[in-house]
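See below for the structure under consideration.
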Amino acid sequence: MATRWGIVSTGNISSDFVTALKALPESEHRVVAVAARSLQNAQEFAKKYGIKKAYGSYDDLGTDPDIDVVYIGNVHTHHLSVGTAMMRAGKPILCEKPLCMNVKEVKEMIKVAKEQKVFMMEAIWSRFFPAYKELEKRLTAGEIGQVRHVIASFGKDLPNMERMHDSATGGGVTLEIGIYPIQLVSFVMGGEKPLKIVGTGHQNSKGVEESIGTTLLYSDGRIASISASFRAFLPSEAFIIGSKGTIKIPYPMWCPETIEFPSGTFTEPLPKSAHKFILDNSQGLMYEAMEVRRCLQQGLLESPGMPHSESLTLSETIQAVRTQAGTVYTQD
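Note that the UniProt record's numbering has the sequence shown beginning at 1, numbered continuously upward.
Take a look at the structure:
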């Protein structure tokens with residue numbers, strides 16, 4: 001029986017998510033409804049992607065009995081309100097990153113998920129790429145020995161993306177794209193909380209950081225160096241340096257088809273699609289959808305690949321990074 005998806009919001013990431021599902025068997029994944037704050041937008045989206053139901057209210061989508069799980073792709077300033085409403089309506093959720101604006105909100109989201117006994121996962125799609133799965137396997141096997149240092153960056157010149165540059169709309173480079181090198185470091189460090197975080201950044205006139213450079217210290221002498229920018233095209237790759245060798249994750253490190261290991265290069269290309277995507281390698285969004293279906297079928301309330309504890313650690317790290325760069329949100 002197919003997992004029946006409801007979609008919150010009609011933005012770019014929702015478009016790519018729905019398109020990515022088209023590569024999966026309809027007997028396993030089917031989008032049955034979409035909701036937006038504007039009924040017209042929802043209807044246009046539904047017509048474009050062949051979705052039967054369109055709602056001009058998120059609450060209406062939450063009460064639809066034909067929906068098994070809700071994908072939340074709206075602006076992250078509203079993730080908490082929409083996510084908790086869906087879970088209180090009994091709907092499992094896959095919520096786009098960042099899960100919430102700050103640590104306080106993430107704790108509330110996790111609390112509601114546990115109270116309602118419904119599945120919740122932050123959509124850190126990187127974790128479910130075959131290349132990341134291979135990375136986890138090789139690290140566990142000790143191919144590069146003990147991890148000593150991680151270096152990761154993500155930067156694009158994005159001067160015209162107004163929402164990303166304004167604190168009122170949850171902008172700031174750390175929440176938007178800095179989350180990717182941070183989650184990679186957390187992944188490599190086994191979800192461990194950093195012992196110390198030291199960073200800085202440049203702010204714009206609207207109160208958000210547009211570039212950051214941060215060092216994270218971990219136990220056993222491990223260290224990580226991350227950078228993110230809206231002002232420059234950084235290499236957007238990563239290096240994991242161990243006592244016996246180095247692993248390179250080439251561009252795009254957040255959605256890679258290839259990883260270079262000391263023993264050779266691992267490659268698993270994304271399925272070829274006739275459909276057009278808006279963002280890099282968005283066909284890979286199908287991997288997180290597959291994980292959600294697997295978890296629901298097994299009756300799990302969180303994914304082992306992206307558990308609630310890691311979402312909390314990720315939020316704590318992000319909050320430290322962006323506050324050291326001077327960014328404070330009204331939600332804080």
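All residues carry an ideal CB built from backbone N, CA and C; glycine is no exception.
By alpha-carbon positions, which one of Thr-317, Leu-216 and Ser-311 ends up nearest to Lys-107? Within the sequence shown, numbered from 1, the residue matching residue 107 stands at position 107. Of the listed residues, the one whose Cα sits closest to Lys-107 is Ser-311.
Start and end of the alpha helix (DSSP H) containing Glu-44? The sequence position of residue 44 within the sequence shown is 44, counting from 1. Residues 39-49.
In terms of residues, what are the limits of the alpha helix (DSSP H) holding Ala-20? Here residue 20 corresponds to residue number 20 of the sequence shown, with the count starting at 1. First-last of the alpha helix (DSSP H) with Ala-20: 12-21.
For Ala-238, report the span of its beta strand (DSSP E) as first-last. For the purposes of this step, residue 238 is taken as the residue at position 238 of the sequence shown. Its beta strand (DSSP E) spans residues 238-242.
From this set, Ala-131, Val-173 and Glu-192, which residue's C-alpha is nearest Glu-316's C-alpha? As a first step, residue 316 is located in the sequence shown; it is residue number 316 there, counting from the start. The option with the nearest alpha carbon to Glu-316 is Glu-192.
Enumerate in chain order the residues of its own chain whose CB-to-CB distance from Ile-177 is below 6 Å, with the five nearest sequence positions on each side excluded. Locating residue 177 in the sequence shown gives position 177, where the first residue counts as 1. So the list reads Phe-154 and Ala-228, once near-sequence residues are dropped.
Rounded Cβ spacing between Ala-238 and Met-253 (contact assumed at less than 8 Å): Position 238 of the sequence shown, counted from the start, is the residue given in the question as residue 238. Position 253 of the sequence shown, counted from the start, is the residue given in the question as residue 253. Between Met-253 and Ala-238 the Cβ distance is about 4 Å, and since that is below 8 Å, they are a contact.
Out of Arg-30, Ser-14, Ile-7 and Lys-133, which has the shortest C-alpha to C-alpha gap to Thr-267? Reading the sequence shown from its first residue, position 267 is the one you call residue 267. Answer by Cα proximity: Lys-133.
In the structure shown, what three-state DSSP assignment does Val-208 receive? Position 208 of the sequence shown, counted from the first residue, corresponds to residue 208. Three-state DSSP puts Val-208 in coil, outside helix and strand.
Rounded straight-line distance, which links the Cα of Gly-170 to that of residue 334: Residue 334 is absent from the model: the chain starts at 1 and stops at 332.
With a threshold of 8 Å on Cβ separation, who are the neighbours of Lys-206 within its own chain once the five nearest residues in sequence on each side are excluded? Residue numbering aside, residue 206 sits at position 206 when the sequence shown is read from its first letter. Taken in chain order, the residues that qualify are His-165, Asp-166, Ser-167, Ala-168 and Gly-171.
If you follow the beta strand (DSSP E) that Leu-301 is in, where does it begin and where does it stop? Numbered from its first residue, the sequence shown carries residue 301 at position 301. Careful: Leu-301 lies outside any beta strand (DSSP E) and carries neither H nor E.
Enclosing alpha helix (DSSP H) for Thr-313 [first to last residue]: Counting from 1 along the sequence shown, the entry for residue 313 is found at position 313. Per DSSP, Thr-313 belongs to the alpha helix (DSSP H) from 308-324.
Nearest-angstrom Cα distance between Gly-56 and Gln-324? Translated into positions along the sequence shown, residue 56 becomes position 56. Translated into positions along the sequence shown, residue 324 becomes position 324. Cα to Cα, Gly-56 sits roughly 39 Å from Gln-324.
In angstroms with no decimal places, state the Cα-to-Cα distance between Phe-261 and Thr-140. For the purposes of this step, residue 261 is identified with residue 261 of the sequence shown, where counting begins at 1. For the purposes of this step, residue 140 is identified with residue 140 of the sequence shown, where counting begins at 1. Cα-Cα distance, rounded: 13 Å.
Among residues of its own chain, excluding the 5 on either side of Leu-195, which ones have a beta-carbon nearer than 7 Å to its beta-carbon? Here residue 195 refers to the residue found at position 195 when the sequence shown is read from its first residue. Closer than 7 Å at Cβ, skipping near neighbours: Leu-217, Tyr-218 and Ser-219.
3-residue-minimum beta strand (DSSP E) runs that sit fully inside the UniProt domain "GFO/IDH/MocA-like oxidoreductase" (132-247), ordered along the chain: 147-155, 196-203, 209-217, 223-229 and 238-242
For Arg-4, which residues in the same chain have their Cβ closer than 7 Å to its Cβ, ignoring the five residues on either side in sequence? In the sequence shown, the residue the question calls residue 4 occupies position 4. Taken in chain order, the residues that qualify are Arg-30, Val-32, Asp-66, Ile-67 and Asp-68.
From Asp-332 to Gln-319, what does the alpha carbon distance come to, in whole angstroms? Numbered from 1 along the sequence shown, position 332 holds the residue referred to as residue 332. Numbered from 1 along the sequence shown, position 319 holds the residue referred to as residue 319. C-alpha separation (whole angstroms): 10 Å.
For Val-147 and Ile-226, what's the separation of their Cα atoms in angstroms? For this step, residue 147 is matched to residue 147 along the sequence shown. For this step, residue 226 is matched to residue 226 along the sequence shown. So the alpha carbons of these two residues sit roughly 16 Å apart.
Which residues does DSSP pair with Met-120 in a beta bridge? Start at 1 with the first residue of the sequence shown, and residue 120 comes out as number 120. In DSSP, Met-120 forms a bridge with Ile-93.
If I follow the unbroken alpha helix (DSSP H) through Tyr-71, where does it start and stop? As a first step, residue 71 must be located in the sequence shown, where it is residue number 71. Run containing Tyr-71: none in the alpha helix (DSSP H); it sits in the beta strand (DSSP E), 69-72.
Contacts around Ile-197, its chain only, beta-carbon distance under 8 Å, and the 5 residues preceding and following it disregarded: Sequence index remark: in the sequence shown, residue 197 carries index 197 (1-based). For Ile-197, where only same-chain residues beyond five positions count, the Cβ hits under 8 Å are Thr-214, Thr-215, Leu-216, Leu-217, Thr-317, Ala-320, Val-321 and Gln-324.
For Ala-76, is the classification buried or exposed, using 16 other Cβ atoms within 10 angstroms of its Cβ as the cut-off for buried? Numbered from 1 along the sequence shown, position 76 holds the residue referred to as residue 76. The amino acid at residue 76 is misidentified as Ala; the sequence shows His. Label assigned to His-76: buried.
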